[in-house]
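*Asks:*
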Amino acid sequence: MSAVIQVRKLPDGRLQARRLDGEPMTAADRQEAKRLAGAETAKAEATPRAGVIEEITEPATGELRAVKICSALLETHLWVLHDRDFIPPDDDPIFFADEFEFLKTKSIEQMREVLKVKNVFPRARVVQ
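Per our numbering, the sequence shown starts with residue 823, numbered consecutively.
1) In chain order, what residues of the same chain lie with their CB nearer than 6 Å to the CB of Leu895, ignoring the 5 residues before and after it?
2) First and last residue of the beta strand (DSSP E) that includes Phe918?
3) I believe His904 touches Ile875 by the beta-carbon criterion, under 8 Å. Please report the beta-carbon distance rounded to the nearest angstrom.
4) Using DSSP with H/G/I as helix, E/B as strand and the rest coil, what is Gly884?
5) Helix, strand or coil for Leu937? Go by DSSP, reduced to three states.
6) Tell me which same chain residues have a C-beta within less than 8 Å of the C-beta of Arg852, skipping the five on either side of it?
7) Using the Cα positions of Gln881 and Lys928, report the straight-line distance between them to the nearest angstrom.
8) State the Cα-Cα distance for the pair Glu951 and Val826, rounded to the nearest angstrom.
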């Protein structure tokens with residue numbers, strides 16, 4: 823009988839595996855964990871993460887001001903602002919382009935928490 827293996831991705835991108843029965847990992851368990859991690863990665867890569875709904879550009883220069891996207895992972899529409907002065911025409915959450923340097927290391931659960939804050943404080947900025 824094979825052991826039930828749990829594999830999870832850590833915030834820094836590394837994988838962690840363990841046997842749910844508490845026994846030490848065997849060589850076969852490590853191989854199964856790698857297979858499971860590969861299957862999860864393939865599934866994640868096949869799942870669309872976001873789609874562009876609308877792009878707003880500066881008419882005179884063509885410079886990108888904002889992009890409205892549909893985030894499959896966060897299950898919402900949101901704005902990504904390149905121009906901090908742009909005011910979106912709706913109440914969808916706002917993220918500023920320069921925030922993504924900090925946000926790129928966050929898990930999906932952490933991003934959902936950030937989204938909750940952004941819904942309450944629409945123009946709040948994430949800073950480190």
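Cβ coordinates follow ideal geometry from the N, Cα and C atoms, glycine included. All values reported here derive from a predicted model rather than from experimental measurement.
*Replies:* So, to answer that:
1) Beyond the five residues adjoining it in sequence on each side, Leu895 comes within less than 6 Å, by CB distance, of Arg871, Ile930 in the same chain, given in chain order.
2) From DSSP, the beta strand (DSSP E) with Phe918 extends over 916-918.
3) Contact doesn't hold; Cβ gap of about 16 Å is too wide.
4) Reduced to three states, the DSSP call for Gly884 is coil.
5) Reduced to three states, the DSSP call for Leu937 is helix.
6) By the criterion of a C-beta distance shorter than 8 Å, Arg852 is surrounded in its chain by Ala839, once the five residues flanking it on both sides are discounted.
7) A small correction: the amino acid at residue 881 is Pro; Gln does not occupy that position in the sequence shown. Their Cα atoms are separated by approximately 35 Å.
8) Nothing in the structure corresponds to residue 951, since the chain is present only between 823 and 950.
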